[in-house]
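Residue numbers (our numbering): -10 to 247.
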């Protein structure tokens, strides 16, 4: 990076310059994983570096959840008639306001837990899955490398969280059913048919970006060729979609837009 080179050429004492370089290393590597993934991700996965990626993705998801939660408006619930509670009971304006405030608090806590706790936990289990599948297909993965592959594959969701946060900051009021539509991207699901529209529900460009990064990371984590890695990740991704869309009944919950 230009900043790192400037530090090397400056007159700073060696210890200070070394500390600055060490501070700049994690963000430099993360940016490299986003912009030049074919060169950066194999090196990061081989070294088993996952902490910075998990921390950044979780922090960005949590920031998006907090900003969105602060702008939630539960008073305009479209699922009920004016003057009626969510259970269909007639309520006064004060009671409706109290119910809306309670629902807003519950939704804020749900968003925060899904982002702050759900994100690292899901990455942990993805790492376990990479470890198991990698050994099944004849690779030689280790858990640090598998977790590093999972963490770096999640970086596109961090980018999506940044966009969602920016959009939410400009939106004074967000309805609960509009959270998933803050970042509008072309969906890959066809509009006709029964199987593919449901299978590809919620799959967008960020999802494909993550899959591509996972192919690179899986190859390095398991030390198998990229062709075999691509086939393994593709079939694993299709299986995941079938389980979450058909057996579990829909798209999995997320901690803020991802």
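C-beta atoms are modelled at their ideal positions from N, C-alpha and C, and glycine is treated no differently. Treat the numbers as computed from the prediction; the structure is a model and nothing was measured.
Contact check, residue i vs residue j, beta carbons under 8 Å
i: residue 200; j: residue 177; result: no
i: residue 134; j: residue 190; result: no
i: residue 39; j: residue 106; result: no
i: residue 138; j: residue 206; result: yes
i: residue 15; j: residue 202; result: no
i: residue 17; j: residue 33; result: no
i: residue 58; j: residue 101; result: yes
i: residue 183; j: residue 231; result: no
i: residue 109; j: residue 47; result: yes
i: residue 209; j: residue 30; result: yes
i: residue 132; j: residue 116; result: yes
i: residue 43; j: residue 120; result: no
i: residue 160; j: residue 60; result: yes
Residue i classed as buried or exposed, judged by whether at least 16 other C-beta atoms fall within 10 angstroms
i: residue 246; result: Low confidence applies here, because residue 246 scores a pLDDT of 41, under 50, leaving its location unreliable; read the following figure in that light. By the 10 Å Cβ count, residue 246 comes out buried.
i: residue 224; result: exposed
i: residue 216; result: exposed
i: residue 63; result: buried
i: residue 194; result: exposed
i: residue 122; result: buried
i: residue 222; result: buried
i: residue 90; result: exposed
Collapsed DSSP secondary structure at residue i in the structure displayed
i: residue -9; result: Note that residue -9 scores 47 on pLDDT, short of 50, meaning its location in the model is unreliable and no value can be drawn from it.
i: residue 61; result: strand
i: residue 25; result: coil
i: residue 232; result: helix
i: residue 43; result: helix
i: residue 237; result: coil
i: residue 119; result: helix
i: residue 213; result: coil
i: residue 105; result: helix
i: residue -2; result: Only weak support is given to the placement of residue -2: the predicted model assigns it a pLDDT of 46, under 50, and the question is left unresolved by the model.
i: residue 38; result: coil
- Message: Using 8 Å as the cut-off, can you tell me whether the segment 122 to 139 makes contact with the segment 85 to 95, which would need three or more C-beta pairs spanning the two stretches below that distance?
- Response: Judged by Cβ distances under 8 Å, the segment 122 to 139 makes no contact with the segment 85 to 95, as fewer than three pairs qualify.
- Runs of alpha helix (DSSP H) wholly within the segment 126 to 196 (minimum 4 residues, chain order): Taking only runs of at least 4 residues, the alpha helix (DSSP H) segments lying wholly in the segment 126 to 196 are 132 to 142, 144 to 158, 184 to 188.
- Task: Please determine if the segment 156 to 164 and the segment 128 to 148 are in contact, where contact requires at least 3 C-beta pairs separated by less than 8 Å.
- Result: Note that the segment 156 to 164 does not touch the segment 128 to 148; fewer than 3 beta-carbon pairs, one per stretch, sit closer than 8 Å.
- Task: Evaluate contact between the segment 148 to 160 and the segment 169 to 176, counting only Cβ atoms and requiring at least three cross-stretch pairs below 8 Å.
- Result: Contact holds: three or more Cβ-Cβ distances are below 8 Å.
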